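Student:
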Amino acid sequence: MRFTVRRRAGAIVWDVARPARPGRLPGVGMTGFRDHGTGAAGPQVIPHPAVTLALDFGAGPLVVADAVGRERSGSLVAGLGFGPGPLWVRGAHFEAVQVRLSPLVAPALLGISPGELDGAVVSLDGLWGREAARARERLATVAAWPDRFALVGALLADRRRTRWSVDPEVARAWHRIVAGGGRVRVDGLAAEVGWSRKRLWTRFRAQIGLPPKQAAKLVRFDRAAHRLAAGGPAARVAADTGYADQAHLHRDVMTFTGLTPATMAGEPWLAVDDLAWPTTGPTHLSR
Numbered sequence: 031m032r033f034t035v036r037r038r039a040g041a042i043v044w045d046v047a048r049p050a051r052p053g054r055l056p057g058v059g060m061t062g063f064r065d066h067g068t069g070a071a072g073p074q075v076i077p078h079p080a081v082t083l084a085l086d087f088g089a090g091p092l093v094v095a096d097a098v099g100r101e102r103s104g105s106l107v108a109g110l111g112f113g114p115g116p117l118w119v120r121g122a123h124f125e126a127v128q129v130r131l132s133p134l135v136a137p138a139l140l141g142i143s144p145g146e147l148d149g150a151v152v153s154l155d156g157l158w159g160r161e162a163a164r165a166r167e168r169l170a171t172v173a174a175w176p177d178r179f180a181l182v183g184a185l186l187a188d189r190r191r192t193r194w195s196v197d198p199e200v201a202r203a204w205h206r207i208v209a210g211g212g213r214v215r216v217d218g219l220a221a222e223v224g225w226s227r228k229r230l231w232t233r234f235r236a237q238i239g240l241p242p243k244q245a246a247k248l249v250r251f252d253r254a255a256h257r258l259a260a261g262g263p264a265a266r267v268a269a270d271t272g273y274a275d276q277a278h279l280h281r282d283v284m285t286f287t288g289l290t291p292a293t294m295a296g297e298p299w300l301a302v303d304d305l306a307w308p309t310t311g312p313t314h315l316s317r
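Quick note on numbering: the sequence shown equals residues 31 to 317 in my numbering.
1) So, with DSSP's three-state summary, where would you put Leu96?
2) When DSSP builds the beta bridges, which residues end up paired with Val62?
3) If we ignore side chains and look at the alpha-carbon of each, how far apart do Ala203 and Tyr273 end up?
4) Do you know whose CA, among Glu199, Arg130, Ala187, lies nearest Glu222's CA?
5) Name the residue from Ile142, Asp270, Leu185 whose alpha carbon lies nearest to the alpha carbon of Ala163.
6) Would the segment 102-116 count as touching the segment 149-156 if we require 3 or more Cβ pairs under 8 Å?
7) DSSP puts Val107 in a beta bridge; with which residues?
8) Taking the alpha helix (DSSP H) that Arg250 belongs to, which residues open and close that run?
9) When the Cα atoms are used, what is the spatial distance from Ser52 to Ala265?
10) Is the beta carbon of Ile238 less than 8 Å from the beta carbon of Pro77?
11) Using the rule of at least 16 other Cβ atoms within 10 Å of the residue's Cβ for burial, across every protein chain shown, is Thr61 buried or exposed?
12) Take Phe87 and list the residues in its own chain whose beta-carbon comes closer than 6 Å to its own, dropping the five residues that flank it on each side.
13) Do you know how far the Cα of Ala138 is from the Cα of Arg191?
14) Assign Glu101 to buried or exposed, taking buried as 16 or more other Cβ atoms, counted over all protein chains shown, within 10 Å of its Cβ.
15) By how many angstroms is the C-alpha of Thr285 removed from the C-alpha of Trp307?
16) When you compare each of Glu161, Ala277, Asp304 to Pro291 by their alpha carbons, which one comes out closest?
17) Please report the distance separating the alpha-carbon of Gly296 from that of Pro73.
18) Does DSSP classify Ala306 as helix, strand or coil?
19) Starting from Arg233 and walking both ways along the alpha helix (DSSP H), at which residues does that stretch end?
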């Protein structure tokens, strides 16, 4: 599938590839991207509730830039919500496999807790060392996307470490947040898992990467963002996704993106996101 968006400065042209069937690892989803190097500025990244692994292997580097111009290139890992401030994807002629990981499985597969990432974007070389370079080299020798997806799946399966685990109480709270679309009360979650609010906040923040209330806010925002991108009226989207009113939705969208709901709805990232991660499935991974 080819995604094209035209701007005054040129056009972004990406090929998007999806696996024919889900992989064998629970809580893991993949999509492939190829940039055709038109030179246009890349899209702003819209936050979503998953840990992101981007394995870069193309002719040109994948580059992520923040609001003050700092850039990180090559293979990357980003925690939930991508940290403070907006991010943009740049680069030309890059190819990459994007992996979305449930925060419940990310520690065992990446070797780092989402809490340690603190939402930041970090180089995979710093986490995996030489193994990151070997992954890039192996992906560059494989021509077909199905084979690339299989290679990444095998790489992650080989990396799985049982010593990295999430407390059952934290996992239960995360499942409740996802199942409820972010419409949960933290006090209720703490009582449900048998912990104090403070203990839940501390353990959840350390293991998931966000406090429970912020995680619920991100899940709710994610659902609203895709509804807005599909053309839903802001007032109806706000009511259907658990916001107090349209002004409440507006504040959350501004907090996560720095954009108004109307502007965000037209962002290329959301259009390609729905192409890469179809709305027929979950917009985030609960396991």
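Think of the CB as a built atom: it goes at the ideal place given N, C-alpha and C, for glycine as much as any other residue. Predicted model only: the values in this text are computed from it and were never measured.
Tutor: Looking at the coordinates:
1) What sits at residue 96 in the sequence shown is Asp, not Leu. Asp96: strand per DSSP, three-state reduction.
2) The residue asked about is misnamed: residue 62 is Gly in this sequence, not Val. DSSP, once it has assigned bridges, lists Ala47, Val127 as partnering Gly62.
3) 20 Å
4) That would be Glu199, whose Cα lies nearest to the Cα of Glu222.
5) Leu185
6) yes
7) Leu83, Val152
8) 242-259
9) Going by the sequence as given, residue 52 is Pro instead of Ser. Distance between the alpha carbons of Pro52 and Ala265: 35 Å.
10) Not closer than 8 Å, so no.
11) buried
12) Excluding the 5 residues flanking it on each side, Phe87 has same chain C-beta neighbours closer than 6 Å at Glu125, Arg166, Leu169, Ala170, in chain order.
13) 5 Å
14) When all chains shown are included, Glu101 counts as exposed.
15) 24 Å
16) Ala277
17) 11 Å
18) helix
19) 227-238
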